[in-house]
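Position 381 (the sequence shown) corresponds to 381 in full-length UniProt numbering; numbering is contiguous. This report concerns only the one structure given below.
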Amino acid sequence: ASHQSRHKHEQMPPVTTELPVHGATVTVFDRFGDSRGYFNELYNDTKYTGQLETGPNVPVVASNWKQVSFSSSGKHALRGLHCSAYGKFITCVRGAFYDVIADFREDSPTFGRWCGIMLTEHNRKQAYVPAGCGHGFFTFEDNTCALYLQEGTFNPPTEADTHPMCSLVKVAWPIPEGITPIMSAKDIAAPPLGVRRPHLATYEPRGRILVIGGSGQVGGAIMEAFGERNCIGTYSATKVEGMIPFDMAAASMNPQLAEDLMTTVYPTVVIICAGMTWVDGCESQPAKANQMNNAGPAAVVAAAKKVGAKTVWYSTDYVFDGGVKKAKGPYSESDPVSPLNVYGSSKLAGEKAVLEADPTAIAIRTNVVFGPETVGKNFVYQLVRKLKAGEGMSCPVDQVNTPTYNRDLADATKLLVEANASGLFNVGGSDVLGRLAFAELIADTMQLDKSKLAGVTTSNAGQAALRPLDSGLKLDKVQSTISGWKPRTVAEALKHWQENPRGKALGQ
């Protein structure tokens, strides 16, 4: 029965996830245990074929595997960075180590980037190091053993080792304070990358900005502002080339997922753009809204704090009621909150949770964000598509906000991070506009027929969730903190967008 059970389980594929270095992966295998112990696959060609690459667009072929090697290390040993002309799987069969993969391939889209994975005898994880990448690890226990499945045989003339503390790579080795790692004379003598490759002597190291939700409209603007080469973006449901997967809802239930992400990236800054912003959807799915807008971000912030990263997270002006019980907007950061809907309530809970998890974090309230994005689903895209197609569109006349250009939001975020600010800030636009007036301004700027626009009161708009009417955000605090930052008017923003297109074109 035990054998049959194991045989049945072997038909299940391992779970393989992309890492921030192109072609590198981490795989989690099933482990089959009983009273005797356990059985664990370390490689299965029928499950791996087609899933991995030995380099850009080069699939793994079973017959390529040429050598199996084994190493044993004492506690606090540091091996690497060893660069081979072949790919290899790395598995921890005893103890624990922090495994590092550094991209030394100059033709790779992630050249100069590194990532890390905790490999232990218990977590069933296996790293894949593509050919041409540097590899090393730092151990945490005595008698730590690593198993290598290699595509090629060790050949010293083809090895190109690099010093593990190379300033062009800047690996954040998790070496405890006061500990001097145990290294071989060979690794100590290994040259830094700029010496091994003199043409890289002036190479600027990549930054370590983790953008959670990098595929969205705010995330895209953030990556543009900080520089895409300095950012590692995540996606959720739909795979995005060059980004890595992360599920905020899953992390809300299992905070270890957030900690694993931080271990992989070791960011200096974490910017949380992901969230559930579909207001009516939040109303019908309050549990998911809480996961995405409160519990998930709190888990991410707590994990980021453990690795010393600065965190930014985004909230909304929907934490206010627009004059129903409290005063009308525009609002300052200190005005009384009174959310009318689940979206606003979940974001308000998120504000408290994020700043409790790390008081040095930045929470930014914003509203009606628009600007270039890959998907092209924000209000401006929808409006332009409809008007270009000769279709009409109804817009509330009584919902007043301060529409925010996503590039202005990204610029303010970058300046707040650089100023080492903390706490709650409003970041919005300079125009105070109702939705119909906003739509008419878009139509005028884009030279479209605004006669197709129809005004409707919110009470007749058929929206499932209540909306604050007189809202918007005051900017005194942020402008006094980052002097020189000034948001564009809607007309200026639309003109800038047209002159500096990115993502999906307007009207498509």
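Just so it is clear, CB atoms sit at the ideal spot from N, CA and C, and this is done for glycine as well.
Item: Unbroken stretches of the beta strand (DSSP E), 3 residues or longer, contained in the segment 400-453; Value: 423-426
Item: Boundaries of the beta strand (DSSP E) in which Glu373 is found, first to last residue; Value: No beta strand (DSSP E) holds Glu373; DSSP gives it neither H nor E.
Item: Coil, strand or helix - Pro396 by DSSP; Value: strand
Item: Three or more C-beta pairs below 8 Å linking the segment 227-240 and the segment 193-200; Value: no
Item: Any non-hydrogen atom of the ligand MG within 8 Å of Glu159 CB; Value: In the structure on display, the ligand MG does not appear, and there are no ligands present to speak of.
Item: Beta-carbon separation (whole angstroms), Asn401 vs Gly472, contact threshold 8 Å; Value: 5 Å
Item: Inter-residue spacing [alpha-carbon to alpha-carbon] between Leu424 and Asp335; Value: 12 Å
Item: Tyr331 (DSSP reduced to helix, strand or coil); Value: strand
Item: Same chain, Cβ closer than 6 Å to Thr120, five either side skipped, listed in chain order; Value: Cys92 and Ala96
Item: Segment contact, 8 Å Cβ cut-off, at least three pairs: the segment 356-371 with the segment 425-433; Value: yes
Item: Same chain, Cβ closer than 6 Å to Pro359, neighbours up to 5 away in sequence not counted; Value: none
Item: Backbone CA spacing between Gln382 and Asn293 [nearest angstrom]; Value: 25 Å
Item: Between the CA atoms of Tyr266 and Thr180 - distance to the nearest angstrom; Value: 20 Å
Item: DSSP-derived helix/strand/coil call for Trp497; Value: helix
Item: Same chain, Cβ closer than 6 Å to Val61, neighbours up to 5 away in sequence not counted; Value: Because Val61 sits at a pLDDT of 49, beneath the cut-off of 50, its placement in the model cannot be relied upon, and the following sentence gives the value as read from the coordinates. Excluding sequence neighbours, Val61 sits near nothing in its chain.
Item: Cβ-Cβ distance between Ala251 and Val301 below 9 Å; Value: no
Item: Under the three-state DSSP convention, the category Cys83 falls into; Value: strand
Item: Run of the alpha helix (DSSP H) containing Val218, from where it starts to where it stops; Value: Gln217 to Phe226
Item: Identity of the residues DSSP links to Arg31 by a beta bridge; Value: Asn40
Item: Assigned exposure category for Asn57 - 16 Cβ within 10 Å defines buried; Value: Low confidence applies here, because Asn57 scores a pLDDT of 48, under 50, leaving its location unreliable; read the following figure in that light. Asn57 should be labelled exposed.
Item: Those residues which DSSP pairs with Lys125 across a bridge; Value: Val28
Item: Supposed contact pair Leu147 and Trp65 - C-beta distance, whole angstroms, cut 8 Å; Value: Contact flag wrong, Cβ pair sits at about 13 Å.
Item: Which listed residue (Gly242, Val490 and Met165) has its alpha carbon closest to that of Thr404; Value: Val490
Item: Nearest-angstrom Cα separation, counted from Glu241 out to Gly55; Value: With a pLDDT of only 47 at Gly55, under 50, the local geometry of the prediction cannot be trusted, and no value is derived from it.
Item: For Ala419, the nearest candidate out of Ala361, Pro396 and Thr263 (CA to CA); Value: Ala361
Item: Whole-Å CB distance - Gly233 paired with Gly214, under 8 Å assumed; Value: 2 Å
Item: Buried versus exposed, by CB contacts within 10 Å (16 or more), Asp476; Value: exposed
Item: Short Cβ contact (9 Å threshold) for Ala465 with Cys273; Value: no
Item: Buried or exposed (CB count within 10 angstroms, at least 16 for buried), Pro372; Value: buried
Item: Touching by the beta-carbon criterion (3+ pairs, under 8 Å), the segment 123-135 and the segment 65-85; Value: yes
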